[in-house]
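Residue numbers (our numbering): 130 to 462.
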Ligand code: NAI
């Protein structure tokens with residue numbers, strides 16, 4: 130039996146968590162979830178964003194599954210997502226975007242993986258007031274953090290038979306910070322001669338990904354560009370509801386959907402749990418439970434054959450709970 134720390138999150142979090150738990154229970158997956166409140170929900174109850182017990186649980190289990198949490202915009206507490214990434218030094222945020230032929234989107238054959246540096250850049254949260262009319266934010270890029278994420282992207286490409294790694298940056302303007310990231314990319318690519326490598330300035334990268342996504346494969350970039358470009362890649366496959374992710378280092382891994390807590394559709398039983406389910410599947414792969422992960426992924430794929438049986442954002446008519454039941458009914462088909 131494996132133990133995993135589970136956070137239900139805010140907004141649609143509890144609904145999509147329920148889908149995962151129901152499907153795991155149906156398959157008797159040998160995982161015990163240790164469930165904790167987190168984020169706005171815990172803040173409203175106890176005035177804290179995360180409890181020491183849940184931090185200890187992550188330290189013990191090394192693996193967590195986390196539903197999205199809400200962060201106030203422009204005011205209030207600092208993002209707990211960012212805090213967790215920093216607390217556990219989860220330097221790699223990996224976001225695969227793969228098309229499903231049944232889901233209507235502008236492209237039919239997308240297969241991209243974004244490697245986003247997760248611990249520095251503007252996300253260190255060092256903002257300063259100069260005056261009422263002037264604020265600055267510090268962008269931090271280090272050789273160490275750049276090196277480890279770039280190396281991980283190349284290693285992933287090598288192990289998964291990927292052909293190309295592209296570095297995305299803005300080194301033409303940010304000559305020191307992004308310049309350092311690009312310098313490390315150019316150093317590390319020498320160790321991987323079998324993999325095609327190139328680099329693109331971030332604005333051009335956005336255009337190229339929309340015009341010729343088939344020319345890209347694995348992409349690696351600093352934190353802010355990774356955040357934005359991975360939403361773009363989710364748009365290429367039909368939306369945020371389908372994108373899983375992991376925040377990890379060599380010791381810890383926290384799996385989560387790319388999307389947020391979607392407060393606009395919370396408690397309506399209409400949220401799409403697929404991205405969170407696919408994140409749970411990534412977690413099963415990570416834990417060596419590949420057979421179970423594939424059973425769930427195949428059932429999702431099978432369910433997509435009848436879009437009416439999917440959630441509204443995918444063009445379907447089913448509620449979250451009906452869609453979950455449909456996936457369960459399609460396991461093994
Ligand atoms: P969002 O991803 O929550 O929602 C954007 C749009 O996509 C909304 O219209 C929403 O209804 C829709 N959507 C998102 N997930 C969906 C799903 N599973 N099924 C169907 N529709 C879905 O982004 P937004 O509105 O910018 O942020 C809302 C809150 O989430 C904020 O407090 C933000 O800070 C937080 N957030 C948390 C993240 C995390 O915990 N990892 C990541 C991104 C945002």
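Positions of the beta carbon are idealized from the N, C-alpha and C atoms, including for glycine.
It should be emphasised that the depicted structure is a prediction, and the values quoted were computed from it without experimental measurement.
Thinking C-beta only, is residue j closer than 9 Å to residue i?
i           : j           : result
residue 293 : residue 259 : no
residue 401 : residue 370 : yes
residue 381 : residue 215 : no
residue 194 : residue 135 : yes
residue 256 : residue 270 : no
residue 310 : residue 263 : no
residue 298 : residue 340 : no
residue 392 : residue 140 : yes
Provide the residue span of the alpha helix (DSSP H) that contains residue i, from first to last.
i           : result
residue 171 : 168–175
residue 247 : It is not in any alpha helix (DSSP H) - residue 247 carries neither H nor E in the DSSP assignment.
residue 295 : Taken as a continuous stretch (DSSP letters only), residue 295 belongs to no alpha helix (DSSP H), being part of the beta strand (DSSP E) at 293–298.
Quick check on the burial criterion: 16 or more other C-beta atoms within 10 angstroms. Buried or exposed for residue i?
i           : result
residue 236 : exposed
residue 445 : buried
residue 367 : buried
residue 375 : buried
residue 146 : buried
residue 359 : buried
Beta carbon of residue i: closer than 8 Å to some heavy atom of the ligand GDP?
i           : result
residue 237 : Among the ligands modelled here, namely the ligand NAI, the ligand GDP does not occur.
Is any non-hydrogen atom of the ligand NAI found closer than 8 Å to the C-beta of residue i, if you look at the structure I gave you?
i           : result
residue 200 : yes
residue 386 : yes
residue 442 : yes
residue 394 : yes
residue 148 : no
residue 342 : no
residue 390 : yes
residue 195 : yes
residue 217 : no
residue 401 : yes
residue 210 : yes
residue 404 : yes
residue 178 : no
Over the uninterrupted beta strand (DSSP E) stretch that includes residue i, give me the two end residues.
i           : result
residue 157 : Here residue 157 belongs to no beta strand (DSSP E), and DSSP marks it neither H nor E.
residue 265 : 263–266
residue 135 : 131–136
residue 259 : 256–260
message = Measuring CB atoms only, is the stretch 379–388 touching the stretch 217–226, in the sense that at least three cross pairs come out at less than 8 Å?
response = yes
request  = Please confirm if the stretch 310–329 is in contact with the stretch 413–424, defined as three or more CB-CB distances below 8 Å between the two stretches.
outcome  = no
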